[in-house]
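Data block below; observations after.
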Amino acid sequence: MDLFMANKLTNLSKNNPLTKPISGNPHQSENPSRRTFLKCSLAGGALMVSAIHIPAAARTGSNESHTAKPVRFPLLAIHADNSMTLFNCRSEMGQGATTIQAQYLLDELDADWSLLKQVEQAGADPQQFGPQNTIGAISSFLGWKFHRDAGAQLRQLLVNQAMAIWQVDAESLYTQNSYIYHRPTGQKLSYGELAGLLKDTTLPEKFTRKTPEQYTQIGRSVKRLDMAEKVDGRAKFGIDVSLPDMKTAVLIRPPVAGSQLISFDAKSVKQQKGVLDTFSIPQGVVIVADNYWHASLARKVANPVWNNSDFSNSSSHSLMQTFRGQLDTPAQKHNERGDFSTQLANAASEQRFELHFEFPFITHVTMEPMNCVAWQTESQLQIWAPTQNRNNAKQKLQELFELTPEAIDFNTTLMGGGFGRRAQEDFVVEAATIARQVSYPVKVIWSREDDIQHGFYRPLNAQKVSASVDDKGQLQAWQHNVASLSTKAWHFSLEERDTDGGDWIAYGGAEISLYQSEHFSCGVTLNKAPLHTGILRGISHGYTNFSREVVMEELAKKHKLHPLQYRQRHTDNERALPVLTKLRKACEPYEQQPNRKLGYAFGFEKAPKGPYQYYNAAAFVLTRSNNIWKPEKLILVLDHGTIINPDGLLSQVEGASIFALGMLLHNKITIEKGQVQQTNYHDYPLPRFGSQIPIELHTIESDAWPMGVGEKLQGTIQPAIANALTSISGHPITQLPISAEILQQHQIALD
Amino acid sequence: MIKLTINQQEITTQADPEMPLLWFLREEVQLTGTKFGCGQGLCGACTVLLDGKPIRSCLLPLAQAKGKSIETIENDNIPELQALQAAWLEHSVPQCGYCQSGQLMSATHLLQSNKAPDNDAIRSAMSGNICRCGTYERIAKGINQAALELAREI
Ligand code: FES
Ligand code: FES
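These protein sequences, in sequence, are chains A and B.
In terms of this note's numbering, the first sequence is residues 42 to 792.
In terms of this note's numbering, the second sequence is residues 119 to 272.
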């Protein structure tokens, strides 16, 4: 078996990536090696506010990189006719990133929403402009300060201009719907007119941001800007990009991860209808044809022969066996506190509790399969990619092909789903590698089979949670051990790749708990394998929080306490408590009834420093009629900070609940002899129409930094549903997906 | 040579008759609103109407569309589709949007064949269309609203 310890015994808590969160870097502005500021300029009658990013090398004066020029990054333009153009600097996957940027900017600017006439996708910037990555529900978070400041400063600039023109003081002016008014005379000027009169575009240092009661766009359910084109076929996703003389390529990748190509039948491939070229690249066998259909037909005659890697001796079964054996002797310890082992050894048996958990490999299956268009012209490598992570992708291309940033023209398209899969740059690198060997533009399309068999997988993992309690049931000691695959070799951020921090996505969440316990330990063992592992909606919280919440529910029941009360007793966190209290209240009407059963869960993330945090809790209600248990509703309470778009939030919550059902009931990738066994939606099924659960959503009013939602609920909804099932069956759910037999046995109809 | 009608327009083509209609629409006539999701008839992203019936265009060889009439999401002349599109916007149905052409074409056929579909009818008409973003709740709302609107117009 090709497995060895990825890490020696180390305490990595110093490297806890929460201090440099994997979900982009909210503390970026505090990082002295990088700086981004705002600048205003006039171009062709339009007033444009931009972000200027000064890369580290430019400011330290080091000449290590020719790429270190300041970079301008447009955010918003006001045109002479008072209309506006938004430059979208994030990847749009339907999570509302584009619209949220506009809400921030236009609110602080006091602009008229209906004058926002155009949205342009900004390209990938030649330097690492961190905030451009769209991972871990980061859009609403990072723009909170930056985009609002841009709007507020721009507004102040226009106000100052009006003061100069009318020779009046600030108090006599007010702004509304893209106009400035002089209160005493009723005179008004549009922002567009004012922009044309500006002599000096220096943004004022003195400006004020709105207070929550002044918001006009923030907190409003504005319609998403990317909606109209998505109902009539106009929306152009990556797979829809078309260039003159473009050809289509497919790639045959090794069935066993980490294997090398020995040979393939190029002659037969070339004889196939429509085939233009075939050759090998390090990633596999390339077939280029006049269209996708011909390229995919020609795959059948390629007969590739592979030099299988040692991973061909592995199966998901054998890996899980190895992981199970590692749970008692973790290779790394995180956040140890007190003396867990002595405490546990001395506890009476009825005060000890332990559960083992197992979670399968799962994969994203975004509706739009991976694809990318690449064209190597004489002067430039041109890319059109549906990516969540354009900067990393571009930087990787620069490194691989030794190109200057100017030599790559990177275009990000709409994406048919992301869920973390499009944070990886593999599909962009493949397309570029192919394009550099041919003279025409080429579109690489992955089949669904390619997507499922050669994706990035949330790693298979085993966990053990051990706890001891005092005679009132209060936690004394808590240990959460995880054994899984290392994730660092493919970490979606190049900065974290191959660092210990890059492994956090395999166990994150287990090492930090809001539940007080004097003794605490998190032990982790990570194994190396050539199979691609990575983030998937919910990341590791999807399973580490699952285990924690199943154990908390069991402990509560064991001590005859209400599961929410039990959680309340274990934390003094000032944002967690109101969430739990509100959920208890919302659940009351459903509790203590013979034909209703509930399960509960709590979830959170909290960076050690800074505003990156959210708190949520869920209850799942099952009701019985005609002896069948059916879902009645999912009750959720969220404190994810300021709510930017209530309807957008609800839509993310609805989607998250369906996604959670997929993981709970269906999703499982198995590996035999090193090969992924599943191929398409028949053996990797997803929830279909009819599986939707009625949702009752409560939110906590908050002016804290806004956090995303869709991704953040996976670790909460799933254990709530599992705990509800447990309250019927009496057996805690410790393995996913939940087997159909369990559901049948207890007459539960979930889907 | 194959003749067929797409969105009321007659087309004659020399394209490979074995090519699935999906790829003909997307790559030969640039009607990219119809999407590729699985290529195996499992997800419904490629749904179009063939002589009024919803079919998975990824499975239908172009030759079998000979002489037939095809409607795609780009057709702006189908009252049921128009009503659905308006309802889709009203309820902000799409998230990533990739599955929505297929959803809308399946729903169009549903409303063409059943003016007032109940929950079971909606479920059976829509269960062939996967939405990975999980927009099912809003799809249901959209269909109900479009049905009401259409009934009002008559
Ligand atoms: S692409 Fe045709 S059903 Fe999925
Ligand atoms: S809206 Fe994304 S797959 Fe349906």
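We put the CB at the ideal spot given by N, CA and C, even for glycine.
C-alpha gap between residue i and residue j, whole angstroms
i, j, result
"residue 186/B", "residue 232/B", "23 Å"
"residue 251/B", "residue 703/A", "11 Å"
"residue 230/B", "residue 121/A", "47 Å"
"residue 100/A", "residue 78/A", "Model confidence at residue 100/A stands at a pLDDT of 40, short of 50, so the residue's coordinates are unreliable and nothing is read from them."
"residue 618/A", "residue 219/A", "42 Å"
"residue 742/A", "residue 438/A", "44 Å"
"residue 125/A", "residue 736/A", "37 Å"
"residue 145/A", "residue 188/A", "6 Å"
"residue 725/A", "residue 157/B", "14 Å"
"residue 217/A", "residue 436/A", "42 Å"
"residue 249/B", "residue 408/A", "7 Å"
"residue 88/A", "residue 233/A", "8 Å"
"residue 75/A", "residue 441/A", "Caution is warranted here: a pLDDT of 45 is assigned to residue 75/A, below 50, making its placement in the model unreliable, and no coordinate value can be reported."
"residue 538/A", "residue 85/A", "43 Å"
"residue 498/A", "residue 572/A", "8 Å"
"residue 212/A", "residue 198/A", "15 Å"
"residue 207/B", "residue 506/A", "46 Å"
"residue 37/A", "residue 245/A", "Since the first residue of chain A shown is 42 and the last is 792, residue 37/A is not available in this structure."
"residue 399/A", "residue 522/A", "12 Å"
"residue 680/A", "residue 655/A", "6 Å"
"residue 312/A", "residue 291/A", "16 Å"
"residue 140/A", "residue 265/A", "6 Å"
"residue 243/A", "residue 235/A", "14 Å"
"residue 267/B", "residue 136/B", "41 Å"
"residue 636/A", "residue 666/A", "8 Å"
"residue 282/A", "residue 127/A", "22 Å"
"residue 50/A", "residue 535/A", "Any answer about residue 50/A is weak, because its pLDDT of 26 lies below 50 and its placement is not dependable; what the coordinates show is given next. If I take the Cα positions, the gap works out to 24 Å."
"residue 1/A", "residue 247/B", "In the structure as shown, chain A begins at 42 and stops at 792. Residue 1/A is therefore absent and cannot be evaluated."
Opposing strand residues paired with residue i [DSSP bridges]
i, result
"residue 344/A", "DSSP lists no partner for residue 344/A."
"residue 703/A", "DSSP lists no partner for residue 703/A."
"residue 522/A", "505/A and 564/A"
"residue 79/A", "92/A"
"residue 647/A", "654/A"
"residue 451/A", "424/A"
"residue 726/A", "Partner(s): none; residue 726/A has no beta bridge."
"residue 125/A", "119/A and 157/A"
Residue i: CB within 7 Å of a non-hydrogen atom of ligand 1
i, result
"residue 660/A", "no"
"residue 155/B", "yes"
"residue 761/A", "no"
"residue 563/A", "no"
"residue 174/B", "yes"
Close Cβ partners of residue i (< 7 Å) along its chain, the five nearest in sequence each way excluded
i, result
"residue 196/B", "189 and 226"
"residue 122/B", "129, 183, 184, 185, 186 and 188"
"residue 317/A", "288, 329, 330 and 331"
"residue 744/A", "253 and 683"
Residue i CB to nearest heavy atom of ligand 2 below 7 Å
i, result
"residue 136/A", "no"
"residue 161/B", "no"
"residue 165/B", "no"
"residue 725/A", "no"
"residue 733/A", "no"
"residue 273/B", "Residue 273/B is absent from the structure shown; chain B starts at 119 and stops at 272."
"residue 408/A", "yes"
Neighbourhood of residue i by C-beta, 6 Å cutoff - its chain only, sequence neighbours within 5 removed
i, result
"residue 378/A", "561"
"residue 459/A", "134 and 429"
"residue 607/A", "597"
"residue 586/A", "550, 644 and 756"
"residue 566/A", "367, 371, 372 and 524"
"residue 228/B", "235 and 243"
"residue 758/A", "659, 698 and 701"
"residue 169/A", "Low per-residue confidence applies at residue 169/A: pLDDT is 35, beneath 50, and the placement is therefore not dependable, though the value from the model is reported in the following sentence. Counting only Cβ-Cβ distances below 6 Å, and skipping sequence neighbours, we find 432."
"residue 349/A", "297 and 300"
Exercise for the section: Give, in chain order, every residue of the segment 727-741 of chain A whose Cβ lies closer than 9 Å to some Cβ of chain C. Expected result: This model lacks chain C altogether, as its protein chains are A and B.
Problem - Whole runs of the beta strand (DSSP E) within the segment 348-423 of chain A, excluding any shorter than 3 residues - result: 373-378, 393-400 and 412-417
Problem - Every unbroken alpha helix (DSSP H) inside the segment 212-254 of chain A [4 residues or more] - result: 232-238
Problem - Segments of 4+ residues assigned as alpha helix (DSSP H) that fall wholly inside the segment 610-642 of chain A - result: 617-628
Handout entry: Entirely enclosed alpha helix (DSSP H) segments - the segment 183-234 of chain B, minimum 4 residues
Key = 197-208 and 218-231
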